[in-house]
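K.L.:
Positions 1 to 138 (this note's numbering) are the ones given, in order, by the sequence shown. Beta carbons are placed, not taken as given, at the ideal position from N, Cα and C, and that holds for glycine. Next up is a structure, given as structure tokens.
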Amino acid sequence: MEGFSLICVLDASAAASVIFRRGAYEQIINTLSRTDSVIVPDLYFSEILSVVWKTLQWTDDKSVGADELCRRGYSLIDNSVPVLNYWKLIIDVSNEVKHSPYDISYAVLAEKTGGKLISLDRKLIEIAISLGVSVLSL
């Protein structure tokens with residue numbers, strides 16, 4: 001459809017599925033391949049570093065190193081948006097719904113850009129839907 005653009009906001013839970021090739025990762029990859037743009041709040045990079053580090057601390061499988069795993073996560077996105085652009089709204093929404101600003105930043109970014117949220121975090125999905133944010137179901 002001409003003039004139509006599909007923007008997706010990928011959260012760290014969905015990215016982790018792809019990075020470690022677990023769960024719904026094939027469905028997520030397929031969905032991302034059909035989008036025009038995949039965006040994230042800039043805190044995504046720190047969240048990916050953290051999930052890779054934590055996972056490697058607790059697994060005996062070191063067949064894929066941290067650098068490769070982080071590259072997998074970073075290669076999924078087209079653009080990042082500074083959290084500073086929406087910090088006030090993020091903290092206001094977090095206070096309203098009593099949920100982490102880390103998670104809420106993904107929902108706010110989707111709402112402000114007209115993007116669709118891709119997440120495996122059930123609580124975030126529930127909150128996003130209650131806020132009127134479009135969520136791609138997996």
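If you pair each beta-carbon of the segment 28–40 with each one of the segment 3–12, do three or more pairs fall below 8 Å?
P.N.:
The segment 28–40 is in contact with the segment 3–12.
K.L.:
So, helix, strand or coil for residue 41, using DSSP?
P.N.:
Sequence index remark: in the sequence shown, residue 41 carries index 41 (1-based). Residue 41 falls in the strand class under three-state DSSP.
K.L.:
Does the Cβ of residue 132 have 16 or more other Cβ atoms within 10 Å, making it buried, or fewer, making it exposed?
P.N.:
What you label residue 132 is simply residue 132 of the sequence shown in a count that begins at 1. Exposed.
K.L.:
Going by alpha carbons, who is nearest to residue 76 out of 122, 118, 127, 125?
P.N.:
Locating residue 76 in the sequence shown gives position 76, counting from the first residue. Among 122, 118, 127, 125, the Cα nearest to that of residue 76 is on 118.
K.L.:
Less than 9 Å between the C-beta atoms of residue 90 and residue 82, yes or no?
P.N.:
Residue numbering aside, residue 90 sits at position 90 when the sequence shown is read from its first letter. Residue numbering aside, residue 82 sits at position 82 when the sequence shown is read from its first letter. In this structure, residue 82 does not lie closer than 9 Å to residue 90 by Cβ.
K.L.:
Where residue 48 and residue 16 are concerned, what is the direct C-alpha to C-alpha distance, given to the nearest angstrom?
P.N.:
Position 48 of the sequence shown, counted from the first residue, corresponds to residue 48. Position 16 of the sequence shown, counted from the first residue, corresponds to residue 16. The alpha-carbon atoms of residue 48 and residue 16 are separated by roughly 7 Å.
K.L.:
Just how far apart, CA to CA, sit residue 67 and residue 50?
P.N.:
For this step, residue 67 is matched to residue 67 along the sequence shown. For this step, residue 50 is matched to residue 50 along the sequence shown. So the alpha carbons of these two residues sit roughly 12 Å apart.
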